[in-house]
Amino acid sequence: MAQLALALDVLSRERALGLARELAGLVPWCKVGLALFTLVGPALPEALKNMGYKIFLDLKFYDIPRTVGQAVRAAAACGADMLTVHCQGGERMCLAAVENLAGMERRPLIFGVTALTSFGQGEMPGVAADPEDFALSLAGRAEAWGLDGVVCSGFEVAHVKRNCPDLLCLVPGIRPAGLVEDDQRRVVTPAAAVKDGADFLVAGRPIIESPSPRSAAEKILQEMSQQK
Ligand code: C5P
26 MAQLALALDV LSRERALGLA RELAGLVPWC KVGLALFTLV GPALPEALKN MGYKIFLDLK
86 FYDIPRTVGQ AVRAAAACGA DMLTVHCQGG ERMCLAAVEN LAGMERRPLI FGVTALTSFG
146 QGEMPGVAAD PEDFALSLAG RAEAWGLDGV VCSGFEVAHV KRNCPDLLCL VPGIRPAGLV
206 EDDQRRVVTP AAAVKDGADF LVAGRPIIES PSPRSAAEKI LQEMSQQK
């Protein structure tokens, strides 16, 4: 059964905690990303954990291997249950992430970001391949490097699952039918993502910008459960 992560993409600790409180017990994961983590730091994951959430710390590490090795250890110390590195950081960087968490009793799952869901055709600098093909090729490498999963769009999740059945797939760019795509380009509905084999769905604006975040999340969860 696929699990939903609420992307707390807000710029206030109070607003983040308010949303988390409203959705506690309904959504199992909270995603803390670049902006919120930069603003409030590690105290927030701790507070969210105390509300019963699992923490997806989505800082998309991309640096030299040693720095990323240190960063994943720091993320684990902040209570991350799941974290992200960029597959484009390459083999040595991804292996540094895996090796630095090896042997931990409850280590976070490591997901490799393939092609951001905001990339459309021809938008990736220096990459001639379509985002879908590029994501697929990076997923094969992520599996070989020992990552637990990849972040990909709903456009490629079925292919990734077919080629790399042991990789977990996390799909952002989730838009219930009728909602605008915002800055995202490769968007799918919750039902389509689950039907194609996603293990985790990440949704931010469709929930946090709704007049009723709890009902919006309930609707997404209902759509997800009808597919499995
Ligand atoms: O508001 P929306 O549902 O588009 O938010 C999607 C979330 O997923 C954002 O927090 C974004 O940082 C994250 N994400 C993404 N595409 C990726 C990886 C993460 O949209 N490839």
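If you read the sequence shown in this note's numbering, its first letter stands for residue 26, the second for the next number, and so on.
Ideal Cβ positions, reconstructed from N, Cα and C, are used throughout, including at glycine.
| Check | Outcome |
| --- | --- |
| Residue interval of the alpha helix (DSSP H) (run including residue 136) | Careful: residue 136 lies outside any alpha helix (DSSP H), inside the beta strand (DSSP E) at 134-138. |
| Integer Cβ distance of residue 46 from residue 65, believed to fall under 8 Å | That pair is no contact at about 16 Å. |
| Beta-ladder partner(s) of residue 56, from DSSP | 32, 81 |
| Residue environment, residue 248, which counts as buried when at least 16 other CB atoms sit within 10 Å | buried |
| Proximity winner among 81, 190, 219, relative to residue 59 (alpha-carbon distances) | 81 |
| Cβ neighbour criterion (16 or more within 10 Å) applied to residue 137 | buried |
| Any non-hydrogen atom of the ligand C5P within 7 Å of residue 224 CB | no |
| Residue 176: CB within 7 Å of a non-hydrogen atom of the ligand C5P | yes |
| Under 8 Å between C-beta atoms of residue 200 and residue 212 | yes |
| Closest residue to residue 101 among 128, 117, 40 (Cα-Cα distance) | 128 |
| Nearest-angstrom Cα separation, counted from residue 110 out to residue 163 | 12 Å |
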